[in-house]
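Participant: The sequence shown begins at -6 in our numbering and counts up by one.
Every residue gets a Cβ at the ideal spot worked out from N, C-alpha and C, and that includes glycine.
Below you'll find the structure I mean.
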Amino acid sequence: MTKIFAHRGSAGTHPENTMVSFREAERVGADGIELDVQMTKDGQIVVIHDETIDRTTNGTGWVKEFTYKELRKFDASYKFAGQYGFCPIPLLEEVLSWGKQTKLLFNIELKNGFIQYETLEEQVIQMVKEFKMETRVILSSFNHNSMARCHRMAPEIETALLYMESLYEPWKYVQAIGASALHPYHATVNESLVHEAHQHGVAVRPFTINKQAVMKKMFGYHVDAIFTDYPEKARNVLKTI
Ligand code: G3P
Ligand code: CA
-6 MTKIFAHRGS AGTHPENTMV SFREAERVGA DGIELDVQMT KDGQIVVIHD
44 ETIDRTTNGT GWVKEFTYKE LRKFDASYKF AGQYGFCPIP LLEEVLSWGK
94 QTKLLFNIEL KNGFIQYETL EEQVIQMVKE FKMETRVILS SFNHNSMARC
144 HRMAPEIETA LLYMESLYEP WKYVQAIGAS ALHPYHATVN ESLVHEAHQH
194 GVAVRPFTIN KQAVMKKMFG YHVDAIFTDY PEKARNVLKT I
């Protein structure tokens, strides 16, 4: 059965990458949560998609130029006009500490394409190990060298390659890196890609699927999971298949 990963939590209805968004995803029956991580000036791993805080909070500036104490003062739910109260940017530690008590899977996307945070991979892996969540976490990135490094450091944690364009026989590439899954942009996915990937023992989890018709198509292809901003909608669509 295809799994449903709530993209940045239930980001279609709640402030993305916040605890309220993650709790909502669990409430509506998501199998897993996708979240993005960056690093602060004082080396804390924080859950935020962009390199800056401008789009998602009431502040402005680079994540890497704030200490976590400074960053915690900004509201990541300001666009929701007080509907969810004050929502700070969470620490990865905070999410895993809560997540450990649930049955959820976690896809931690390392945002190390644009900025090369020197110790991001080591710190994320160390934290996953501290929480003993190795079998419930998938690491992913558009930076495939980073995924190769993560696989070398912790082969017991699953790694996945994010990509936007069609790739030729991508399962070979995945296997060469030591990763175990493809996380493609959904428009590049067809039935034969999913079939061939599965024949080679490679999972396929397309992103980000918010339309009912595309959800149905991907469920019909038997993809391993979808990423969606609307996990409740996806759960309802899946019930009809
Ligand atoms: O992991 C799937 C998806 O989150 C990748 O793109 O930009 O939403 O982080 P983005
Ligand atoms: Ca992401």
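1. Shorter than 7 Å, the distance from the beta carbon of Asp29 to the closest heavy atom of ligand 2, or not?
2. When DSSP labels each residue in this structure, what does Gln116 get in the three-state scheme?
3. Can you name, in chain order, every residue of its own chain whose Cβ lies under 7 Å from the Cβ of Lys34, other than the five neighbours on each side?
4. Work out the CA separation of Lys165 and Gly25 for me, nearest whole Å.
5. Please list, in chain order, all residues of the same chain as Gln37 whose beta carbon is under 7 Å from its beta carbon, the five residues on each side excluded.
6. Suppose you measure from the CA of Glu162 to the CA of Tyr178; what does that come to, to the nearest Å?
7. How many Å lie between Lys93 and Thr181 at the Cα?
8. Taking 8 Å as the CB-CB limit, is Arg20 close to chain B?
9. Measuring from the CB of Phe67, is there a heavy atom of ligand 1 at a distance below 7 Å?
10. Are the Cβ atoms of Ile101 and Glu127 separated by less than 8 Å?
Facilitator: Taking the definition as stated:
1. Locating residue 29 in the sequence shown gives position 36, counting from the first residue. For ligand 2, at least one heavy atom lies less than 7 Å from the Cβ of Asp29.
2. Position 123 of the sequence shown, counting from 1, holds the residue named residue 116. Helix, per DSSP.
3. Here residue 34 refers to the residue found at position 41 when the sequence shown is read from its first residue. If we look at Lys34 and ignore the five residues flanking it on each side, its Cβ neighbours are Lys57, Glu58, Phe59 and Thr60.
4. Within the sequence shown, residue 25 is the residue found at index 32, counting from 1. Within the sequence shown, residue 165 is the residue found at index 172, counting from 1. Cα-Cα distance, rounded: 26 Å.
5. Within the sequence shown, residue 37 is the residue found at index 44, counting from 1. Closer than 7 Å at the Cβ level, and outside the excluded window around Gln37, lie Tyr61 and Leu84.
6. Within the sequence shown, residue 162 is the residue found at index 169, counting from 1. Within the sequence shown, residue 178 is the residue found at index 185, counting from 1. Each residue's Cα considered, the two are about 16 Å apart.
7. If you number the sequence shown from 1, residue 93 lands on position 100. If you number the sequence shown from 1, residue 181 lands on position 188. Those two C-alpha atoms are separated by around 33 Å.
8. No chain B is part of this structure, which consists of one protein chain only.
9. Mapped onto the sequence shown, residue 67 falls at position 74. Checking the Cβ of Phe67 against ligand 1 gives no.
10. Start at 1 with the first residue of the sequence shown, and residue 101 comes out as number 108. Start at 1 with the first residue of the sequence shown, and residue 127 comes out as number 134. No, the pair does not count as a contact, with Cβ atoms beyond the cut-off.
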